[in-house]
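Quick notes on the structure that follows.
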Amino acid sequence: MTDSHDKASQQPLDDEGGLHAPPELTGWREIWWWFDFLILVKLARLRFIAVLVAIGAVITQWDNLAAHYDKWTRDPNAHPGAASDVEWFCPMHPSVIRDNPKDKCPICFMPLSKRKKGDVHEEALPAGVVNRVQLSPYRVVLAGINTYPVDYQQLSKEITAVGYVEFNERQVKNVSARVKGRIDTLVVNETGQTVDEGDVLAALYSPELNVTVQNLLDAQKRGNRELVESGKNRLALLGISEDQVNEVLKTGKGNSHLKIRSPISGHVIKKYVREGQYVDEGTPLYDIADLSTVWIQAQIYEDDLAFLPAEQVHKPGSRLFDDPLRITATTRAYPDEEFHGLLTFIYPHVDQETRTVTVRFELNNPGHRLRPGTTATVRIKVPPREIYVLKQAVDAEGAGREMLEQGMVLAVPETSVIDTGTQTIVYRQTLPGIYEGVRVDLGPRMSGPDDVTYFPVLRGLEPAELVVTAGSFLVDAETRLNPAAGSIYFGGSGTKGSGGSTVRPSTPEDSDRKIKDALARLPPADRAIAERQKFCPVLPDSRLGSMGVPVKLNIAGETVFLCCNGCKADALKDEQATLAKVRKPRPGSSAGAPSATGRPAEKESREARAEREIREALAELSPEDRALAESQRFCPVLADSRLGSMGTPIKLMVQGRPVFICCEGCQKRALENPVATLQALEREQRKKKSE
0 MTDSHDKASQ QPLDDEGGLH APPELTGWRE IWWWFDFLIL VKLARLRFIA VLVAIGAVIT
60 QWDNLAAHYD KWTRDPNAHP GAASDVEWFC PMHPSVIRDN PKDKCPICFM PLSKRKKGDV
120 HEEALPAGVV NRVQLSPYRV VLAGINTYPV DYQQLSKEIT AVGYVEFNER QVKNVSARVK
180 GRIDTLVVNE TGQTVDEGDV LAALYSPELN VTVQNLLDAQ KRGNRELVES GKNRLALLGI
240 SEDQVNEVLK TGKGNSHLKI RSPISGHVIK KYVREGQYVD EGTPLYDIAD LSTVWIQAQI
300 YEDDLAFLPA EQVHKPGSRL FDDPLRITAT TRAYPDEEFH GLLTFIYPHV DQETRTVTVR
360 FELNNPGHRL RPGTTATVRI KVPPREIYVL KQAVDAEGAG REMLEQGMVL AVPETSVIDT
420 GTQTIVYRQT LPGIYEGVRV DLGPRMSGPD DVTYFPVLRG LEPAELVVTA GSFLVDAETR
480 LNPAAGSIYF GGSGTKGSGG STVRPSTPED SDRKIKDALA RLPPADRAIA ERQKFCPVLP
540 DSRLGSMGVP VKLNIAGETV FLCCNGCKAD ALKDEQATLA KVRKPRPGSS AGAPSATGRP
600 AEKESREARA EREIREALAE LSPEDRALAE SQRFCPVLAD SRLGSMGTPI KLMVQGRPVF
660 ICCEGCQKRA LENPVATLQA LEREQRKKKS E
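Its first residue numbered 0, the sequence shown is counted upward by one per residue in numbering that gives the first Met the number 0.
Structure below.
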């Protein structure tokens, strides 16, 4: 056939432009040549396209094909109206609805749940809860979700500002000439030189001073006391000390040079004159600053102004009150050294360009390490008791005042908070894998231990509740991408509904069907043994299969089945008693019958031991939970099972209400039908009250 292709490709067209088969091909060979040329060669690409079209048709019409397949394989003896009344859906993906309970969700591969067709009612979520979502353990690990118990934390509002070190204006002095004269000597002739209080800075020759001294001496010689006092006052105004005046009166010799002294200890920050310079009265000579204390002028944003209460501003010169607002400063020159001071002034205006407020801090400066002009970073830590919103929240609730005085605030980490723009949401874990988005009111961002940022909780959360700290954005994204998943599964979507539950109450028919399905998963030999045994030896009223596939044990060479893994420890604790319960005929048993050994005393000791084990199991709970468990007494799923008889009870939150169950095996049943769980709990409480 390849040769024929080659020959055909080499065959020239005839005069009329037609194409003919090779002349050596005649009969059926010529027919085959035309078929090969027209069909197999020309339509090779079309065959490939046809395959792609067929694959696309199968993909797009898969649901129809599956429906036809279900129709062809359906049991012809099945009642036509039985399947039309119910349907099976995926709680996590409500759009997946099937008529066959054996199917699984094609998205998450979870077993489908049963409900009546059209029985989809929405029930409003509890107040403050905006959504719910359930994640599988695999997705929880994949998302890296971590939880943290809400607790009181030692917090403070930390404000960081950048400023500059400046002179303390109250400790900057100007030295000026009090009389006309000439600077004969500059003792301090360098800017920056250190001086002490009373040190001579310069010597000023003044004829006016000489005249005043001579007048004083003349008045003394005449004995005119009024003129003497007037002369003393005049010299004092010129800067002559009382000791110098007394020395002049004692010696009787005048002095034409005025010694100018430093009024404070500090540094010369500016020198205005030189030796030999003539000066007038009032001419500035030096500026001297005391650096024992300095100022830091910093800018803070107007948003932080509310956290600097005026009553905490220390007034220099006044008595230091009990709790001034203290600050810590660091400089680039000494980054590892901290300097401490007080807030002393808040400027009364806001800079229109930078939208900041200038604040002033005063700091002690031992060793003069803080040099004016240095850049400084200031950290202000405002205690919680000085923050208005926190004080207002405590006063409104009437609780937590003592904790607030100690600086302790109920708070959640910053990573837990989801800010949608219109509301603030924190996701709390009610059960493993189940998360609720709670609307909360939070205070300002504050600093906590280990430099972790927290938000004070004003309303919406209680202490010890578990909140999501890592992965909260992924949980929130899950509720937004599939908002109906949590609402249909848990019976609420956040909207006002009829109050009906979306989970249909179970019926005996459902229970029998569930037991049969669970036993059907066992091998034939094990299924026969489980069907003969019927009940769990640890929980006599629990049917094998009612809590999932029965658990197989080998006790003393004999096969025994349990209802769940929670019974395994009790079954192995006393193997002989377990075997005796399995072998004992059930119809003839009663609570008051004697034991297999016929010794009532042994039975009483077992009852006492059981009570002791129950008390020990309940003792592992917190005081609040233990009180609730003792009040409840029995498991709502297995009504005859005492809480604590199978270990420490497990706490669940069913529609916002704490409920205890006896073991993990009851958890699924309790959550699948929350209405029935709460009804069983209420029946037991009414029964207890009537007794």
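Quick reminder that beta carbons are idealized off the backbone N, C-alpha and C, glycines included.
In this text, all values refer to a predicted model and were calculated from it rather than measured experimentally.
With a threshold of 8 Å, are at least 3 pairs of Cβ atoms found where one atom belongs to the stretch 461-479 and the other to the stretch 411-424?
yes
Candidates His348, Val52, Gln298 and Ser415: which alpha carbon is nearest threonine 376's?
Gln298
Please report how far the alpha carbon of glycine 275 lies from the alpha carbon of tyrosine 204, in whole angstroms.
10 Å
With a Cβ-Cβ cutoff of 7 Å, do arginine 135 and serine 446 count as a contact?
According to the sequence displayed, residue 135 carries serine and not arginine. No, these two residues do not count as a Cβ contact at 7 Å.
Taking Cβ positions, are glutamine 153 and glycine 442 nearer each other than 7 Å?
no
With respect to the alpha helix (DSSP H) encompassing alanine 527, which residues constitute its N-terminal and C-terminal limits?
523-532
8 Å contact criterion, which valine 358 and leucine 307 should meet: CB distance rounded
7 Å
If we call anything under 7 Å between Cβ atoms a contact, is glycine 420 one with cysteine 563?
no
Buried or exposed: which applies to isoleucine 30, given that a residue is buried once 16 or more other Cβ atoms fall within 10 Å of its Cβ?
exposed
When Ala579, Ala332, Val548 and Thr193 are compared against isoleucine 554, the one with the closest alpha-carbon:
Ala579
Would you say the stretch 265-274 touches the stretch 124-144, given that touching needs at least three Cβ pairs under 8 Å?
no
In angstroms with no decimal places, state the Cα-to-Cα distance between valine 349 and aspartate 303.
12 Å
Starting from methionine 402, trace the alpha helix (DSSP H) both ways and give me its first and last residue.
400-404
Could you say which of Gly643, Leu518 and Ala524 lies nearest to glycine 544 if we only look at CA atoms?
Leu518
Serine 630: which of Val653, Leu680, His67 and Arg608 sits nearest, CA to CA?
Leu680
Indicate the three-state DSSP secondary structure (helix, strand or coil) for glycine 230 in the structure shown.
helix
Same chain, Cβ closer than 6 Å to proline 262, neighbours up to 5 away in sequence not counted:
Lys172
With DSSP collapsed to three states, give me the class of serine 264.
coil
From the DSSP output, in three-state form, read off valine 174 for me.
strand
With C-beta atoms as the reference, is leucine 409 less than 7 Å away from valine 451?
no
Three CB pairs or more closer than 8 Å across the stretch 179-192 and the stretch 458-466
no
So for glutamine 391, helix, strand or coil by DSSP?
helix
Buried or exposed by the 16-neighbour rule on C-beta atoms within 10 Å, applied to serine 621:
exposed
Pick helix, strand or coil for threonine 159, following the three-state DSSP scheme.
strand
Kindly give me the distance between the Cβ atoms of threonine 478 and valine 132, rounded to whole angstroms, as I take these residues to be in contact under 8 Å.
5 Å
Does DSSP put lysine 101 in a helix, a strand or coil?
coil
Helix, strand or coil at glycine 55 [DSSP, three-state]:
helix
Own chain, CB closer than 6 Å to alanine 616, minus 5 neighbours either side, in chain order:
Gly643, Gly646 and Thr647
Where tyrosine 285 falls, given that 16 or more other Cβ within 10 Å makes a residue buried
buried
Is the Cβ-Cβ distance between valine 95 and lysine 115 less than 7 Å?
no
Are the Cβ atoms of alanine 328 and isoleucine 295 separated by less than 7 Å?
yes
If we count the other Cβ atoms within 10 Å of its Cβ and call it buried at 16 or more, is aspartate 475 buried or exposed?
buried
Classification of asparagine 63 by the beta-carbon crowding that lies within 10 angstroms, buried from 16 upward
exposed
Residues in the same chain with beta-carbon distance under 6 Å from tyrosine 434, minus the five sequence neighbours each way, listed in chain order, please.
Val132, Tyr426, Gln428 and Val474
Determine the burial state of proline 105: buried for a count of at least 16 other Cβ atoms within 10 Å of its Cβ, exposed for fewer.
exposed
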